[in-house]
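A.B. asks:
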Amino acid sequence: EARSRAAISSGLRKWILLICIMLPAAALYWNVSCNYTAQIAVHPVIKNIPNHLMLTRRPVQALEIQVCGPESIVKKLKSLNLVYPIDLSEAKPGINRFRYARNRFPLPAGICIRKIYQPETTIVLAKYDIKKLPVFCVLSGKPAFGYEVGNITAKPAMVTLKGPESIIKKLSQINTSPI
Numbered sequence: 046e047a048r049s050r051a052a053i054s055s056g057l058r059k060w061i062l063l064i065c066i067m068l069p070a071a072a073l074y075w076n077v078s079c080n081y082t083a084q085i086a087v088h089p090v091i092k093n094i095p096n097h098l099m100l101t102r103r104p105v106q107a108l109e110i111q112v113c114g115p116e117s118i119v120k121k122l123k124s125l126n127l128v129y130p131i132d133l134s135e136a137k138p139g140i141n142r143f144r145y146a147r148n149r150f151p152l153p154a155g156i157c158i159r160k161i162y163q164p165e166t167t168i169v170l171a172k173y174d175i176k177k178l179p180v181f182c183v184l185s186g187k188p189a190f191g192y193e194v195g196n197i198t199a200k201p202a203m204v205t206l207k208g209p210e211s212i213i214k215k216l217s218q219i220n221t222s223p224i
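In structure tokens form, the structure reads like this:
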């Protein structure tokens, strides 16, 4: 019985010693592996816009995040074109707010996010309409003395527009820039 207690005590001492060695080693590894911090740009990419809707307000073109990790990996990240997918398949017409989730950023192992500078984005969707409209030529000024304006036609005479329903339904023609 004394031998078994001594064996257990010896085994326990070995485990305690191992833990006492491994904890500082793990802390040192974490400190060394997260020794370089930098800001990188991630580009939001819109996916799965519902068929009957269109974007009227997009998210920012580039989202800044602060990352840390091994210097060689973080420096490589700065030169990559990282994208963050935003799935709009469940979005509704109007204002839609999305929070950026840390686990959805396309970062390699060993890189951690310290800060997301704009953790939320707003995307506005609207029902769209398609309408064929005549083109009207807008004139500016008067012709020189002795001249007069003849028959004016636009080519193409009709154009097809796609846009937010609330705007398209109010249009009856499309005007050119002043000629």
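At position 156 of the sequence shown (counting the first as 1) the number is 201 in my numbering, and the numbers step up by one without a gap. Idealized CB from N, CA, C, for every residue including glycine.
#1: Would you tell me roughly how many angstroms separate the C-alpha atoms of L170 and V112, rounded to the nearest one?
#2: Please work out which residues of its chain come closer than 6 Å, Cβ to Cβ, to A83, disregarding the five sequence neighbours upstream and downstream, and give them in chain order.
#3: Can you give me the start and stop residues for the alpha helix (DSSP H) that V105 sits inside?
#4: What is the DSSP secondary structure of N148, reduced to helix, strand or coil?
#5: Answer yes or no: does any C-beta atom of chain C fall closer than 8 Å to that of V112?
#6: For P130, which of F143, L108, V90 has the nearest alpha-carbon?
#7: Counting pairs of beta carbons, one from the segment 212-220 and one from the segment 178-187, are three or more of them closer than 8 Å?
#8: Compute the Euclidean distance between the alpha carbons of V204 and Q163, then round it to the nearest angstrom.
#9: Could you say which of G114, K177, L125 lies nearest to C157 if we only look at CA atoms?
#10: Determine the DSSP secondary structure at C65, reduced to helix, strand or coil.
#11: Cα-Cα, which of I224, S211, P223 is closest to M99?
#12: Are K137 and I175 touching if we call contact CB-CB under 8 Å?
C.D. replies: Taking the structure as given:
#1: Spanning the two alpha carbons is a distance of roughly 31 Å.
#2: Listed in chain order, the non-local C-beta contacts of A83 below 6 Å within the same chain comprise V119, local neighbours out to five positions each way being set aside.
#3: Here V105 belongs to no alpha helix (DSSP H), and DSSP marks it neither H nor E.
#4: Here N148 carries a helix assignment [DSSP, helix/strand/coil].
#5: The chain inventory of the structure shown lacks chain C, comprising one protein chain alone.
#6: Per the Cα distances, V90.
#7: A contact exists between the segment 212-220 and the segment 178-187.
#8: Between V204 and Q163, the alpha-carbon positions lie close to 40 Å from each other.
#9: Just measuring C-alpha positions, the residue of G114, K177, L125 sitting nearest C157 is G114.
#10: Helix, per DSSP.
#11: Comparing Cα-Cα distances from M99 to each of I224, S211, P223, the minimum goes to S211.
#12: If you check the CB distance, K137 and I175 do not come in under 8 Å.
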